[in-house]
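Encoded as structure tokens, the structure appears first; notes follow it.
There are 2 protein chains.
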Amino acid sequence: MQIWRAPLDAMRFLLFETLDFEGRIRALPRFAELDRETVAAVLEEAARLAAERLLPLNARGDREGLRFEGGAVRMPSGFREAYRLFAAGGWCGLTIDPAYGGQGLPQVLQVAVSEMISAANMAFGITPGLSQGAAHALELWGRPEQKARLLPKLASGEWSGTMCLTEPQAGSDLGLIRTRAEPAGGDRFRISGTKIFISAGEHDLTDNILHLVLARLPDAPWGTRGISLFAVPKYRLAPGGGPAAQNGVRCTGIEEKMGLHASPTCTLVFEEAEGELVGPPHGGMKAMFSMMNAARLLVGVQGLGLAETACQSAVAHAGERLQGRAPAAAQRPDLPADPIIHHPDVREMLYAMRARIEPARALALEVGMMIDRAQHAPDPGARRAAEDFAALMTPVIKAHFTDFALEAALTAQQVHGGYGYIREQGIEQLVRDVRITTIYEGTNGIQALDLLGRKLPAGSGRMLRRFFHPLEDFLARHRDAPALGALLPALEKAFGRLQRASLELARRGLADPGEAAGVARDYLALFALVALGWMWARMLCALAARGEAAPPALRRSWPHLARYYHARVLPLSATLFARIMAGSGLLALEGVAPGARSR
Amino acid sequence: MQIWRAPLDAMRFLLFETLDFEGRIRALPRFAELDRETVAAVLEEAARLAAERLLPLNARGDREGLRFEGGAVRMPSGFREAYRLFAAGGWCGLTIDPAYGGQGLPQVLQVAVSEMISAANMAFGITPGLSQGAAHALELWGRPEQKARLLPKLASGEWSGTMCLTEPQAGSDLGLIRTRAEPAGGDRFRISGTKIFISAGEHDLTDNILHLVLARLPDAPWGTRGISLFAVPKYRLAPGGGPAAQNGVRCTGIEEKMGLHASPTCTLVFEEAEGELVGPPHGGMKAMFSMMNAARLLVGVQGLGLAETACQSAVAHAGERLQGRAPAAAQRPDLPADPIIHHPDVREMLYAMRARIEPARALALEVGMMIDRAQHAPDPGARRAAEDFAALMTPVIKAHFTDFALEAALTAQQVHGGYGYIREQGIEQLVRDVRITTIYEGTNGIQALDLLGRKLPAGSGRMLRRFFHPLEDFLARHRDAPALGALLPALEKAFGRLQRASLELARRGLADPGEAAGVARDYLALFALVALGWMWARMLCALAARGEAAPPALRRSWPHLARYYHARVLPLSATLFARIMAGSGLLALEGVAPGARSR
Numbered sequence: 010m011q012i013w014r015a016p017l018d019a020m021r022f023l024l025f026e027t028l029d030f031e032g033r034i035r036a037l038p039r040f041a042e043l044d045r046e047t048v049a050a051v052l053e054e055a056a057r058l059a060a061e062r063l064l065p066l067n068a069r070g071d072r073e074g075l076r077f078e079g080g081a082v083r084m085p086s087g088f089r090e091a092y093r094l095f096a097a098g099g100w101c102g103l104t105i106d107p108a109y110g111g112q113g114l115p116q117v118l119q120v121a122v123s124e125m126i127s128a129a130n131m132a133f134g135i136t137p138g139l140s141q142g143a144a145h146a147l148e149l150w151g152r153p154e155q156k157a158r159l160l161p162k163l164a165s166g167e168w169s170g171t172m173c174l175t176e177p178q179a180g181s182d183l184g185l186i187r188t189r190a191e192p193a194g195g196d197r198f199r200i201s202g203t204k205i206f207i208s209a210g211e212h213d214l215t216d217n218i219l220h221l222v223l224a225r226l227p228d229a230p231w232g233t234r235g236i237s238l239f240a241v242p243k244y245r246l247a248p249g250g251g252p253a254a255q256n257g258v259r260c261t262g263i264e265e266k267m268g269l270h271a272s273p274t275c276t277l278v279f280e281e282a283e284g285e286l287v288g289p290p291h292g293g294m295k296a297m298f299s300m301m302n303a304a305r306l307l308v309g310v311q312g313l314g315l316a317e318t319a320c321q322s323a324v325a326h327a328g329e330r331l332q333g334r335a336p337a338a339a340q341r342p343d344l345p346a347d348p349i350i351h352h353p354d355v356r357e358m359l360y361a362m363r364a365r366i367e368p369a370r371a372l373a374l375e376v377g378m379m380i381d382r383a384q385h386a387p388d389p390g391a392r393r394a395a396e397d398f399a400a401l402m403t404p405v406i407k408a409h410f411t412d413f414a415l416e417a418a419l420t421a422q423q424v425h426g427g428y429g430y431i432r433e434q435g436i437e438q439l440v441r442d443v444r445i446t447t448i449y450e451g452t453n454g455i456q457a458l459d460l461l462g463r464k465l466p467a468g469s470g471r472m473l474r475r476f477f478h479p480l481e482d483f484l485a486r487h488r489d490a491p492a493l494g495a496l497l498p499a500l501e502k503a504f505g506r507l508q509r510a511s512l513e514l515a516r517r518g519l520a521d522p523g524e525a526a527g528v529a530r531d532y533l534a535l536f537a538l539v540a541l542g543w544m545w546a547r548m549l550c551a552l553a554a555r556g557e558a559a560p561p562a563l564r565r566s567w568p569h570l571a572r573y574y575h576a577r578v579l580p581l582s583a584t585l586f587a588r589i590m591a592g593s594g595l596l597a598l599e600g601v602a603p604g605a606r607s608r
Numbered sequence: 010m011q012i013w014r015a016p017l018d019a020m021r022f023l024l025f026e027t028l029d030f031e032g033r034i035r036a037l038p039r040f041a042e043l044d045r046e047t048v049a050a051v052l053e054e055a056a057r058l059a060a061e062r063l064l065p066l067n068a069r070g071d072r073e074g075l076r077f078e079g080g081a082v083r084m085p086s087g088f089r090e091a092y093r094l095f096a097a098g099g100w101c102g103l104t105i106d107p108a109y110g111g112q113g114l115p116q117v118l119q120v121a122v123s124e125m126i127s128a129a130n131m132a133f134g135i136t137p138g139l140s141q142g143a144a145h146a147l148e149l150w151g152r153p154e155q156k157a158r159l160l161p162k163l164a165s166g167e168w169s170g171t172m173c174l175t176e177p178q179a180g181s182d183l184g185l186i187r188t189r190a191e192p193a194g195g196d197r198f199r200i201s202g203t204k205i206f207i208s209a210g211e212h213d214l215t216d217n218i219l220h221l222v223l224a225r226l227p228d229a230p231w232g233t234r235g236i237s238l239f240a241v242p243k244y245r246l247a248p249g250g251g252p253a254a255q256n257g258v259r260c261t262g263i264e265e266k267m268g269l270h271a272s273p274t275c276t277l278v279f280e281e282a283e284g285e286l287v288g289p290p291h292g293g294m295k296a297m298f299s300m301m302n303a304a305r306l307l308v309g310v311q312g313l314g315l316a317e318t319a320c321q322s323a324v325a326h327a328g329e330r331l332q333g334r335a336p337a338a339a340q341r342p343d344l345p346a347d348p349i350i351h352h353p354d355v356r357e358m359l360y361a362m363r364a365r366i367e368p369a370r371a372l373a374l375e376v377g378m379m380i381d382r383a384q385h386a387p388d389p390g391a392r393r394a395a396e397d398f399a400a401l402m403t404p405v406i407k408a409h410f411t412d413f414a415l416e417a418a419l420t421a422q423q424v425h426g427g428y429g430y431i432r433e434q435g436i437e438q439l440v441r442d443v444r445i446t447t448i449y450e451g452t453n454g455i456q457a458l459d460l461l462g463r464k465l466p467a468g469s470g471r472m473l474r475r476f477f478h479p480l481e482d483f484l485a486r487h488r489d490a491p492a493l494g495a496l497l498p499a500l501e502k503a504f505g506r507l508q509r510a511s512l513e514l515a516r517r518g519l520a521d522p523g524e525a526a527g528v529a530r531d532y533l534a535l536f537a538l539v540a541l542g543w544m545w546a547r548m549l550c551a552l553a554a555r556g557e558a559a560p561p562a563l564r565r566s567w568p569h570l571a572r573y574y575h576a577r578v579l580p581l582s583a584t585l586f587a588r589i590m591a592g593s594g595l596l597a598l599e600g601v602a603p604g605a606r607s608r
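As they're listed, the protein sequences go chains A and B. Quick note: the first sequence uses this note's numbering, first residue 10, plus one each step. Quick note: the second sequence uses this note's numbering, first residue 10, plus one each step.
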């Protein structure tokens with residue numbers, strides 16, 4: 010069974026006691042009015058919506074799937090009603106500026122809300138998630154008139170948004186995009202081309218869909234420098250603002266996928282579709298990156314949400330399924346066998362999930378706060394520092410969270426034994442759904458290359474220092490903190506390895522970028538290991554500071570989980586470090602394609 | 010696309026040049042006639058059948074699935090014809106004694122053939138795989154009259170077999186079995202109970218199905234000591250031997266599963282079904298274990314086969330998909346982008362698969378040979394040694410091979426990017442199919458407990474020494490072998506860790522079995538790492554010995570892969586060792602179920 014209850018205790022404790030919401034978010038002029046009660050109410054309301062409305066639709070949506078008829082996509086039953094409630098609750102425009110009809114709440118709350126939506130029903134969350142990304146790009150790059158016209162539609166949920174990047178020949182490599190945009194007078198352009206794998210590209214949840222499309226202008230230079238961003242509505246607007254005639258966009262099919270059966274993945278054919286430019290000509294990649302960064306963070310958070318559901322479901326099953334006896338002595342002699350949660354190897358699997366989920370949530374919220382500070386801190390230095398940190402951590406969150414989420418879903422399935430493999434239980438759905446997260450919005454390999462090839466060398470290590478310096482300070486300040494115990498030396502050791510690996514890879518990257526690229530994923534994993542270790546340390550400090558006032562469940566579980574993290578998870582840094590430092594020339598083509606040379 | 014070509018070069022080289030087929034199998038009186046040509050012909054014939062008949066049905070079977078109507082199961086189209094060819098080719102009785110109509114070939118060839126069948130169509134291979142297991146149990150435990158009556162049916166493929174163990178309340182814990190067997194005069198018993206998750210429990214491939222069923226006699230002691238094994242045919246035999254009346258066995262449903270859509274997983278209800286005892290009363294677990302050991306080896310080999318298909322498919326895709334440019338310089342300036350096989354992070358993924366598959370195949374064949382020697386070596390000491398080695402390695406092969414096979418399938422999917430997620434490409438099917446292998450025939454957690462709790466302490470470490478001593482000898486003899494280079498010190502280091510971990514866990518197991526059980530999976534992984542490292546070393550030695558006479562593809566690829574294995578895979582031993590040695594008391598219940606105490 011899919012089991013999920015919103016982790017509200019943890020979220021509140023992280024925001025207010027660990028990450029200093031008051032000092033870092035409420036202190037910003039924009040959020041001065043945002044008191045604890047409001048934040049708590051938002052979280053509780055989202056939790057209720059997710060648990061009561063979205064979770065019950067999750068397995069049903071998977072089973073029923075989508076219907077594609079004559080270019081239209083029919084969502085599974087219940088999705089339209091749920092979306093209506095969702096939009097009416099203001100969730101589509103949670104972070105959009107109130108000037109455009111949004112709630113104007115900080116990104117950090119969006120992170121928490123997105124986790125809950127994804128945990129309850131990832132497929133459902135994709136449509137509003139893309140609307141958010143589109144709105145974010147418009148907020149940053151749209152002209153005032155465009156914003157005033159388009160943003161309220163997205164904020165209200167009346168329209169949804171998409172990101173139209175991929176083409177059959179252009180996936181990771183957007184430089185290969187062929188979709189064309191011909192000027193059609195004034196601000197208008199005619200867009201023609203084929204886009205594939207477009208999430209929420211067609212559906213019946215909203216009256217209109219605003220496609221943000223990457224295309225080339227006639228005079229575009231070759232490659233990614235020649236790509237522009239266009240807003241192309243499914244229906245062209247009548248002068249009054251309402252939807253009017255069908256635009257030249259057709260959905261020619263939806264993919265049959267491994268999972269996410271309730272989320273349409275569309276092929277869209279644009280034939281002289283009318284669109285408008287967003288941002289400067291040939292500036293599409295930059296505009297798209299603002300959308301993609303938000304989307305990458307969201308994908309990491311999707312992983313986190315799914316991992317939470319996987320973990321809760323596994324804990325519940327392990328507490329109920331009776332098989333065998335605990336090794337030392339029967340735990341429930343009154344029953345024919347012990348619940349399998351008393352078997353150490355089962356419990357180990359539960360720990361492996363939970364010990365990563367808790368600090369991952371902290372890191373996601375931390376980055377959410379940094380995004381808010383990057384946008385709204387009065388001091389430009391503070392803005393810059395926050396922006397760097399968020400940029401640095403975005404690929405880490407996207408890749409590491411989805412890697413461990415996939416692992417968590419597989420682990421939950423393993424805990425369920427044979428029952429995990431049959432559809433009725435709903436656990437295998439979690440695996441099929443979460444599987445895409447390591448692939449879309451840039452594969453995790455691309456994320457690792459982003460971290461290693463772009464973020465690491467940026468400004469001679471400036472971005473890296475936004476993480477390393479505060480961590481060094483933290484370690485220096487807490488050397489003797491009794492709350493941290495053996496976690497601190499273990500973290501210091503792993504951090505030392507990360508520092509040495511960073512130096513080595515910076516050196517190697519200058520000499521031979523290919524050599525460094527071969528260990529990019531190991532580097533990202535080491536990076537994440539240290540970042541989550543740091544979060545654990547901060548969480549334990551916060552717990553110690555609050556003492557008896559901290560929520561009992563956290564007080565009982567976190568110290569055990571943190572101890573497990575340093576004893577059983579941080580040692581991974583040894584292997585990752587050895588892999589990174591292992592000599593060069595290890596990946597000759599002949600090793601995997603021995604006939605390639607002679608072909 | 011699912012791409013697979015039989016790895017015949019590697020199989021032949023492993024059998025004849027690496028593992029000394031002549032000296033260890035042909036030297037056995039039973040197989041004295043078995044020359045290289047015959048072995049090669051068997052392998053080639055199996056390869057042809059798999060590639061031409063089974064592979065084309067794999068994606069089709071997944072898509073079409075099974076039909077369940079009125080208790081009958083209809084297999085996907087093509088499966089009946091393929092099975093007829095398969096049976097006619099003598100593949101069902103490959104290792105069965107010719108006295109009972111089998112081919113009398115050694116188990117080691119069954120290992121190679123099973124790998125190919127699973128690689129091409131795992132779902133298809135399950136039915137004959139279970140027949141093999143049933144035949145094996147009958148050969149070991151049946152009375153001569155039973156064998157003469159039943160084995161020829163299985164050898165010819167006219168009947169198939171099943172293993173009926175699991176019940177809703179009894180999965181890993183077979184002591185909880187409730188199915189009853191009432192004596193009905195003479196050798197006859199009436200079996201009643203419900204069995205679930207029965208692979209190939211019902212289908213239309215054969216005229217009859219022989220269920221081997223675990224059940225309790227009326228006077229049975231409690232737990233696993235009170236379980237007996239019965240042979241229960243779907244149709245009761247007429248005196249002439251042909252099938253006659255329906256027996257009291259009904260298939261009441263088949264599971265909808267994540268994968269293996271072409272392999273029926275049945276609920277079987279036994280209602281006073283007539284059966285006969287196999288082996289002694291209350292001796293069912295022992296008899297079942299002979300079946301289960303063979304089945305566990307087969308499951309590991311299924312994993313290997315799927316991993317091979319995953320890897321070949323990924324290599325093919327990576328050689329064709331054009332995205333981006335290789336880091337240092339364009340590799341195919343004539344094309345708009347380079348094939349992604351030139352991206353180091355993609356190539357790393359391919360290496361990660363291939364570097365484990367090759368030595369895994371060697372280990373599987375090695376164990377196959379040991380099983381043959383355990384049965385047929387004239388010297389009792391040699392039989393005993395071989396039996397120990399096979400028993401020791403069986404859980405390692407089952408668990409480690411399926412763990413890395415799942416990883417390989419996921420990696421192949423990752424290499425395919427978005428295309429890996431859509432059904433049309435057939436790659437996501439590999440993930441869904443292979444997923445069950447870490448669960449069935451004893452979860453991988455159970456395998457790890459078997460290794461740690463049963464095999465490690467057996468005879469004060471006698472079983473362990475069957476692996477450690479030859480490895481020590483090997484290391485001593487090859488200390489300066491130029492062919493091995495840096496592999497040897499890396500292997501020695503990992504082996505040293507394994508030895509220390511074994512001692513520590515033996516000690517800990519005596520003191521507190523629960524403490525040891527929490528790291529059982531890490532121990533198995535460390536064990537497998539060293540075993541595969543040893544295989545690599547032996548493979549490199551064999552390659553050096555053959556020089557130019559070795560197949561070019563192996564000469565070109567193996568040294569690179571082995572080097573990758575020692576530089577990037579063996580370092581995992583550091584982390585596994587640290588995890589094993591990390592202090593105790595790490596898995597308190599409160600960490601994952603903080604409310605449990607107060608409930």
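Where a beta carbon is used, it is the ideal one built from N, C-alpha and C, also for glycine.
With a cutoff of 8 Å on beta-carbon distance, A395(A) and M379(A) are scored as near each other. The beta-bridge partner set that DSSP reports for P242(A) consists of L219(A). When the beta-carbon positions are compared, E367(A) and K407(A) stay at least 8 Å from each other. S169(B) is a Cβ neighbour of A209(B), given a cutoff of 8 Å.
Given a length threshold of 4 residues, each whole run of the alpha helix (DSSP H) inside the region 71-97 of chain A is given here in chain order: 88-97.
Counting C-beta pairs with one atom in each stretch, the region 458-472 of chain A and the region 430-440 of chain B have fewer than three that are closer than 8 Å, which means they do not touch. With a cut-off of 8 Å on Cβ pairs, the region 23-40 of chain A is not in contact with the region 336-355 of chain A, counting fewer than three such pairs. Taking a Cβ-Cβ cut-off of 9 Å, V443(A) has no neighbours in chain B, whose nearest Cβ is about 11 Å from it. For K156(B), no beta strand (DSSP E) segment is defined; the enclosing uninterrupted segment is the alpha helix (DSSP H) at 153-165. With contacts defined by Cβ atoms closer than 8 Å, T452(B) and V308(B) do not form a contacting pair.
Here F586(A) has R506, A510, L535 as same chain residues with Cβ atoms under 7 Å from its own Cβ, once five neighbours each way along the sequence are excluded.
With respect to chain B, the C-beta atom of F206(A) has a partner C-beta closer than 8 Å.
Look at G134(B) here: in three-state DSSP terms it is helix.
Bridge partners of I263(A) according to DSSP: C275(A). Against chain B, the beta carbon of K266(A) has neighbours under 7 Å at Y430, I431, R432, listed in chain order. Residue contact with chain A for A68(B): absent (no Cβ-Cβ distance below 8 Å to any residue of chain A).
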